[in-house]
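> According to the working numbering, the sequence shown is numbered sequentially starting from 24.
Glycine is no exception: its CB is placed at the ideal position from the N, C-alpha and C atoms.
For clarity, every value in this text was computed on a predicted model and none was experimentally measured.
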Amino acid sequence: REPSSRLRRLLAIDAAGAVLTAAITLGLLASGVVQSGVPSIAWWVLGGVAMGLALFGALALWRQWPPALQLRRLAAANLAYALASLLLVGMFRDTVTILAVGYVIVEALVLAGLASVEWRESARVG
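Following this line, the structure appears as structure tokens:
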């Protein structure tokens, strides 16, 4: 069964957001272009996870997986990524820069909002 245009749009937003997150994390934070006060290896790992989430979201657009299940998985993954980012900043609270803290907080809020929409949509598509 082909996903609805609403569901496809949600999956596309999720995948595009993960690509943007990976680009910022890898291109600016992991590479050291923006000083964050967090070891770059931690950003490389988070950026790799974001790329994996982008791939998962993109695959969901082309696969005919049960939509409710894939949305719940994406919502859980987004929340886990946000939590991991917040924990990372917390672990390096003595050295992390205000710019890195701001980025992670904004990212966590966006991901929590996206996860909420995905969870509600999963209930709708049942």
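Is the CB-CB distance between A123 and S59 below 8 Å?
The answer is yes: Cβ separation under 8 Å.
> Output yes or no for whether 8 Å exceeds the beta carbon distance between E21 and A105.
Outside the displayed range of the chain (24 to 149) lies residue 21, so it cannot be described from this structure.
> Quick check: the region 36 to 50 against the region 69 to 81, are there 3 or more CB pairs under 8 Å?
Segments in contact, yes.
> In chain order, what residues of the same chain lie with their CB nearer than 6 Å to the CB of V119, ignoring the 5 residues before and after it?
Hits under 6 Å: G60, V61, V112.
> With DSSP as the reference, label T118 as helix, strand or coil.
In the structure shown, T118 sits in coil (DSSP, three-state: anything other than H, G, I, E or B).
> Would A35 and L84 qualify as a contact pair, given that the criterion is a beta-carbon distance under 8 Å?
Yes, the Cβ-Cβ distance between A35 and L84 is below 8 Å.
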